[in-house]
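Heads up: the structure comes next, in structure tokens.
Residue numbers (the working numbering): 1 to 157.
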């Protein structure tokens with residue numbers, strides 16, 4: 001009987017830990033998806049960086065001596081200052097939804113843990129009750145034997 005309750009306690013503990021891990025991961029994932037979805041899109045790099053024309057430049061690498069026959073001209077393209085855009089912020093509804101998911105990520109493991117502990121306590125109480133019934137029955141059998149009889153003797157004399 002005790003092994004049956006021990007197996008039940010083990011199964012409940014494993015199930016509770018699995019539910020806690022999955023619930024925490026799911027809640028955090030949902031909260032992060034909401035936060036990421038409310039972010040502005042990434043700024044794409046533009047072609048405003050300086051570039052140089054290397055086609056008419058001779059560095060003299062193909063000659064025996066490093067003599068530059070034609071100097072290189074480094075004339076960059078004009079730099080355009082990107083326009084400043086207002087930062088997009090998360091809406092109030094998205095903020096509340098993300099806060100709810102992150103709060104549930106913290107409270108869900110606590111709730112599942114409390115329920116699991118209560119179920120384990122109930123199972124231990126049932127196991128103790130069953131054990132006390134067996135002990136009571138054994139004590140009644142011993143009390144009915146009388147003083148002359150050996151409690152380990154199987155056959156009455």
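Built from N, CA and C at the ideal position, the CB exists for glycine as well.
These figures come from a predicted structure and were not determined experimentally.
Could you check if residue 137 is buried or exposed, using at least 16 other CB atoms within 10 Å of its CB as the buried criterion? Result: exposed.
Does DSSP classify residue 81 as helix, strand or coil? Note: residue 81 maps to coil in three-state DSSP.
Report the rounded CA-to-CA distance for residue 115 versus residue 29, giving the unit in angstroms. Rounded to the nearest angstrom, the two C-alpha atoms are 24 Å apart.
For residue 109, the three-state DSSP class (helix, strand or coil): The three-state reading of DSSP puts residue 109 in helix, counting H, G and I together.
Just how far apart, CA to CA, sit residue 25 and residue 91? CA-CA distance, residue 25 to residue 91, rounds to 24 Å.
Where residue 129 sits in the DSSP three-state scheme: In this structure, residue 129 counts as helix in the three-state DSSP scheme.
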